[in-house]
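Colleague: Below are the C-alpha cells for one structure; questions will follow.
Numbering (our numbering), first residue to last: 1485 to 1589.
If you want it as C-alpha cells, here you go:
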C-alpha cells in the first residue's frame, strides 16, 4: 500500500484503529483521513471522537488554507464542504474515491 501524506501539511499519515475501523492520522498536524464511509460509520459510534487528538488552534489555522487541496489517496482535487449537522465543521471531500479529510480539533 502506498504511503499517504497529509493534504494540508504534507506530513506522513499513519494508520490508527478505532472500533475495528482503520483511518489515517497525520503525525504532524493530527488531521484525519477517512476512506469512503469511514467517517459516517464512526460518527455514529460513541467514543470515536477520541481519534481527534490534535490542537484545535492548529486545525483552525490549517482550515484557513484556501489553496487547492488534493486527495492523499487518489490525487484528485478535493472540494471544501460544510457539515450539515454541525455548521462549525468544515472538511474536504474527494468525489473520485469518496474519502474525507478533517483538520485537527
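Ideal Cβ placement from N, Cα and C applies to all residues, glycine included.
Closer than 8 Å is the cut-off here; do at least three beta carbon pairs connect the region 1485-1496 with the region 1509-1520?
Modeller: In short, these stretches touch, since the Cβ pair count reaches three.
Colleague: Starting from the C-beta of residue 1586, find all residues in its chain whose C-beta is less than 6 Å away, skip the five residues before and the five after it, and write them out in chain order.
Modeller: Cβ neighbours of residue 1586 beyond the five flanking positions: 1516 and 1575.
Colleague: Where does residue 1516 fall in DSSP's three states?
Modeller: Strand, per DSSP.
Colleague: Compare the C-alpha of residue 1580 against each of 1563, 1507, 1589 and 1508 and name the closest.
Modeller: Checked all of 1563, 1507, 1589 and 1508; the closest Cα to residue 1580 is 1563.
Colleague: Hey, does residue 1575 have any beta-carbon neighbour from chain D nearer than 8 Å?
Modeller: Any reference to chain D falls outside this structure, which holds one protein chain only.
Colleague: With a CB to CB cut of under 7 Å and the five nearest residues on each side skipped, what residues in its chain are close to residue 1568?
Modeller: If we look at residue 1568 and ignore the five residues flanking it on each side, it has no Cβ neighbours.
Colleague: Do you know offhand how far residue 1509's Cα is from residue 1500's?
Modeller: Cα-Cα distance, rounded: 7 Å.
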